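Q: Handing you this structure, nothing more for now.
Here is the structure:
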């Protein structure tokens, strides 16, 4: 049997088994009244469990359960507020903004592992953070995440250059910018002001890992995480299910006692002051097809979930924009939030065909695509038209900023295609569009394909697992693709860095744009706090983005989250990687099933 076909049949069989299992769990007689497992659906598996390699949402979800960093975000407050995690308090910052001093929380231990003395997890020390930060800069690891430190930390770029020449990375030779005067004090020295550093230190990339375990496991560390977080990995069935159990040695936190207006009324403060995490076990179930995830959600087989486009009218009353009475009668409820994100179609500006066609080819394609129809068909109008990379809720977003290439105009598309040297598509090579798995992704790719045919462009579609697409982007092998960026932190710089020349692939700038003026402005903006002057510079960067057109911006999405009646403390729109440690289910209520 063809190996690919065999693999596909096995995968389908497994999904059928998983679906049968979770549906069975919703029937009262089969559900334990003490099983408080939290079950969450996702559309793609994690690529890695190693924090330093985290480059997408799904890996961030997983690693954030096992690992912790110096800082994290308050779960309920909006706008988002940074709070200490493994740091005792927020850092002391020098008057010139170039030195940060953190005091490390005492008594925090890694989970048990044979690599530790007597197999018992040792205490987390300041030196562990330095080791973890150096891994981000290690050229031999192959992470695309060095952009978070690149040019900011004293001596780190020089340290990185030296390591390139060595057979083995020397983690004992430290750059000037990282030091640990004692076990519980960490100092970071900067080359220039970098206000985003605090945001960076709440990202999974900088979460702390134990050196002896990393070295003992070698390449297998990506699959066998050992951290200090609230959960530990117990099972990872690739592309199917990931299971975590509560870490019995976790330091413990408490659920927040304050949030934003409306949280109390939404029953989000009922567990104020109680110790977290709540769920004894967390399961992430991977559903490639929206229809399967929706069927599972409706039956109570998962505890929260989104509403696929094809089921919107079934779930939502158009007049009230709330769940229909049928769903409400079952006790289900809806939570909404504006996601700090942008969805877009991207071009690889170093691809020969894209390069030859120039900006006129990109403008032709932009005008040929009907994004209004896209928002109606694929988002049920649960999205805003985007005009730049910066989303609402982030300083630098402007409602009055208009990108002229978001207009659907076939005649303009044909004119620009002729200017690109391909009148009516004559002489135009086939374009290759990289899509991901799933019915919705396929339908969206087919829509792009049909619309480009109208101006004479033939589009071929490749279907990838998300990990495969990520690799193509890192290797500069993709030509044209659709993707989204959800904010790592609440600052426009996090979106603008996606187009900075020095961040070209394998960094986050997969479009490989390299505009000198944009680069210079970016280097100014990243060292500034929010101000009218900074916003003026950001506006010019958005204008350059529009002129270059490395992306066709599509939407800023609105999250609609359906919750089961036994689910508590879910609040969409959280900037932190995973809200699961704050969530809980009532197992007795779940055992009764849906009404």
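Residue numbers (this note's numbering): 575 to 1169.
Built from N, CA and C at the ideal position, the CB exists for glycine as well.
These numbers were taken from a predicted model, which means no experiment stands behind them.
1) Name the residue from 736, 1056 and 961 whose alpha carbon lies nearest to the alpha carbon of residue 1008.
2) Along the alpha helix (DSSP H) that carries residue 1097, what are the first and last residues, could you check?
3) Just reading off the alpha helix (DSSP H) that residue 730 is part of, what are its end residues?
4) Just the C-alpha distance for residue 1159 and residue 608, rounded to the nearest angstrom, thanks.
5) In chain order, what residues of the same chain lie with their CB nearer than 8 Å to the CB of residue 1129, ignoring the 5 residues before and after it?
6) With DSSP collapsed to three states, give me the class of residue 663.
7) Excluding sequence positions up to five away, which residues of its chain have a Cβ less than 7 Å from the Cβ of residue 1074?
8) For residue 762, which option in 677, 832 and 844 has the closest C-alpha, if you only look at C-alpha atoms?
9) Output needed for residue 1003: all residues of its chain with C-beta closer than 8 Å, excluding positions within five of it in sequence on either side, in chain order.
10) Between residue 1031 and residue 1059, what straight-line distance do the alpha-carbon atoms span, to the nearest angstrom?
11) Between the Cα of residue 940 and the Cα atoms of 698, 1140 and 1123, which residue gives the shortest distance?
12) Over the uninterrupted alpha helix (DSSP H) stretch that includes residue 1140, give me the two end residues.
13) How far does the beta strand (DSSP E) with residue 911 in it reach, from first residue to last?
14) Contact between the segment 641-654 and the segment 817-835: three or more CB pairs below 8 Å?
15) Can you tell me whether residue 658 is helix, strand or coil according to DSSP?
16) Might you give, ordered along the chain, the residues of its own chain that have their beta carbon closer than 6 Å to the beta carbon of residue 602, omitting 5 neighbours on each side?
17) Quick check: the Cα distance between residue 596 and residue 871, rounded to an integer number of angstroms?
18) Straight-line CA distance for residue 1169 to residue 884?
19) Using a beta-carbon distance below 8 Å, is residue 842 in contact with chain C?
20) Could you give the distance in angstroms between the alpha-carbon of residue 726 and the alpha-carbon of residue 668?
21) Write down every uninterrupted run of the alpha helix (DSSP H) in the segment 938-993 whose length is 4 residues or greater and which is fully enclosed by it, in chain order.
22) What whole-angstrom Cβ distance do residue 740 and residue 711 have, given they're in contact under 8 Å?
23) Do residue 781 and residue 801 have their C-beta atoms closer together than 8 Å?
24) Answer with buried or exposed for residue 666, where buried requires no fewer than 16 other C-beta atoms within 10 angstroms of its C-beta.
25) Three or more beta-carbon pairs under 8 Å between the segment 1134-1141 and the segment 898-912, yes or no?
26) The beta strand (DSSP E) spanning residue 1057 covers which residue range?
27) From residue 687 to residue 816, what distance separates their C-alpha atoms?
28) With contact counted as at least three CB pairs below 8 Å, one residue from each stretch, are the segment 617-631 and the segment 763-770 in contact?
29) Kindly indicate which three-state DSSP category residue 1153 falls into: helix, strand or coil?
30) Along the alpha helix (DSSP H) that carries residue 1015, what are the first and last residues, could you check?
31) Helix, strand or coil for residue 918 per DSSP?
32) Thinking just about the alpha-carbon of each residue, which of 798, 1063 and 1143 is nearest to the one in residue 1151?
33) Is the segment 655-663 close to the segment 633-647, with three or more CB pairs under 8 Å?
34) Enumerate in chain order the residues of its own chain whose CB-to-CB distance from residue 733 is below 6 Å, with the five nearest sequence positions on each side excluded.
35) Quick check: what's the CA-CA separation for residue 1040 versus residue 755?
36) Among 635, 613 and 610, whose alpha-carbon lies nearest the alpha-carbon of residue 620?
A: The short version:
1) 1056
2) 1090-1099
3) 730-739
4) 10 Å
5) 916, 917, 945, 948, 949, 953, 957, 958, 959 and 960
6) coil
7) 1083, 1093 and 1096
8) 677
9) 927
10) 27 Å
11) 1123
12) Careful: residue 1140 lies outside any alpha helix (DSSP H) and carries neither H nor E.
13) 907-912
14) yes
15) strand
16) For residue 602, the predicted structure reports a pLDDT of 38, less than 50, and the residue's modelled location is therefore unreliable. A value from the coordinates is still provided. Closer than 6 Å at the Cβ level, and outside the excluded window around residue 602, lie 1165, 1166 and 1167.
17) Caution applies to residue 596, whose pLDDT of 47 falls short of 50 and renders its modelled position unreliable; the value that the coordinates give is listed next. Taking the straight line joining both Cα atoms gives about 9 Å.
18) 24 Å
19) In the structure shown, chain C does not exist; there is a single protein chain.
20) 16 Å
21) 945-953 and 984-993
22) Between residue 711 and residue 740 the Cβ distance is about 13 Å, and since that is not below 8 Å, they are no contact.
23) yes
24) exposed
25) yes
26) 1054-1060
27) 20 Å
28) no
29) coil
30) 1013-1027
31) strand
32) 1063
33) yes
34) 749
35) 42 Å
36) 635
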